[in-house]
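Mind the numbering: the sequence shown is residues 72 to 369 in this note's numbering, read in order.
For every residue, glycine included, the Cβ atom is placed at its ideal position computed from N, Cα and C.
Below is one structure, written out as structure tokens; the observations come after it.
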Amino acid sequence: MAGNVFAYFLLAVAIRQLKLDLSYPEILAIRSAGGVAIGLVLGWRDRKLFREVWRSRLPLHLARSALHAIGAIAVVWSVANLPLGLVASIEFSGPLFAAAIGVFALRLRPAGFAWIGLGLIFAGAAAIVFQYKDVLGLTIIIPFAGVGILTCTNIMLATLSQRQSTHSILFIMNAIQLIIFSTLSMMGDKTLQLPPSSISTMALFTPGTVTFTFAIVLMAVSGYMTQASLSQATRHGTVVQVSALDTLRIPALAVAGALLFGEPLKQDFVIPSTIIMCGAILAAYLDRTKRVQEKGAR
């Protein structure tokens, strides 16, 4: 997951910079185009990739890619309009959604003591909602919705990862989403009807041709890196464990916001975030213990 930490940091910088000139669908279209370009290069070097893509079962890919596109828009809006520390805190709620989906949809029960960790995550997330609901209003739902949707697509990704390679999955996803985001871009930003944020944010660099080009490259590369590292992680962990470990990249996002964008790490979300972090680590460790025990029993 180390690659995911670095990639997400670069992604945040790119989103803030591109927000100055582009709409959210246009930003995500750049990421998808970059992913397709990387996939074409990889396929040119190894033709097995194209053969695997051709033999893929498209229904699950289409469903996941469309759902992932919705979650991606919510996350890009959050990173562009909210303090990175706050976004970081909210994204810690991922293991809660993973556990709920695992229980109700997949009939996978987290290890007994893992519920303690999930309880800590819930308490911290609830504290954040109560603290910011008056400032952000209903827009506080957007980052939570993004986390929930992407957690669902991560579970679908785990299924796909058992059938085919990471690069073929990403090639198909980026190709589908390039069509989706390009269409939304042509329809106009108002089509999404996303509300403005009551909190102002800033970009890292001053606007210009060089910084704009740099941000485009950054968005394309970091977007592919985040998905590739996550896909690899789903091959080695349970649903709750991967979601919990994925949240360990978020402190880097909060620190980046404080050091680069001048966003203070306020106590009113540092304390809940710490509680949630402890819950995530506890849930990940105990769920891993259950996984090892189940393997040993076989």
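- The beta carbon of I247 sits closer than 6 Å to the beta carbons of S136 from its chain, once the five residues preceding and following it are set aside; these are given in chain order.
- Separation of the CB atoms of N245 and G110 is rounded to 6 Å, and the pair is thereby assigned contact status at 8 Å.
- Here I243 has V124, S127, L129, H132, S136 as same chain residues with Cβ atoms under 8 Å from its own Cβ, once five neighbours each way along the sequence are excluded.
- The continuous stretches of alpha helix (DSSP H) do not include T210, and DSSP gives it neither H nor E.
- Collapsing the DSSP output to three states places S268 in coil.
- In the displayed model, D92 falls within coil according to three-state DSSP, outside both helix and strand.
- Annotation: the stretch 148 to 176 contains the following complete segments of the alpha helix (DSSP H) (minimum length 4 residues), in chain order: 155 to 162, 165 to 175.
- I352 and G188 have their alpha carbons spaced roughly 7 Å apart.
- Put simply, the stretch 209 to 222 touches the stretch 149 to 157. At least three CB pairs are less than 8 Å apart.
- Where L249 is concerned, the enclosing alpha helix (DSSP H) starts and stops at 237 to 258.
- If you compare the alpha carbons of S271, T272, L255 with that of Q264, the shortest gap goes to L255.
- For E123, the enclosing alpha helix (DSSP H) stretches over residues 119 to 125.
- The beta carbon of G350 lies closer than 6 Å to those of G188, L191, I192 in the same chain, with the five residues before and after it left out.
- Residues I101 of the same chain have their beta carbon placed closer than 6 Å to that of I287, with the five preceding and five following residues left out of the count.
- DSSP places Q233 outside both helix and strand once states are collapsed to three, so it counts as coil.
- Judged by beta-carbon spacing, L157 lies beyond the 8 Å limit of F285, meaning their Cβ atoms are not closer than that value.
- In the three-state scheme derived from DSSP, where H, G and I count as helix and E and B as strand, G279 is classed as coil.
- With a cutoff of 8 Å on beta-carbon distance, A159 and S293 are scored as not near each other.
- Out of I144, P267, Y295, the CA that lies nearest to the CA of L207 is found in P267.
- No Cβ-Cβ contact shorter than 8 Å links I346 with G106.
- With respect to the 8 Å criterion, Y79 and V147 are not classified as neighbours on the basis of their beta carbons.
- In the structure shown, F332 adopts coil according to DSSP, grouped into three states.
- Annotated three-state conformation of K337 is coil, per DSSP.
- By the Cβ criterion, the stretch 169 to 178 is not in contact with the stretch 323 to 333, since fewer than three pairs of Cβ atoms, one from each stretch, lie closer than 8 Å.
- With fewer than 16 other Cβ atoms inside 10 Å of its own Cβ, S271 counts as exposed.
- The beta carbon of R180 is closer than 7 Å to those of V174 in its chain, skipping five residues each way along the sequence.
- Listed in chain order, the non-local C-beta contacts of Q298 below 6 Å within the same chain comprise L241, local neighbours out to five positions each way being set aside.
- For L209, the number of other beta carbons within 10 angstroms of its own is below 16, and it is reported as exposed.
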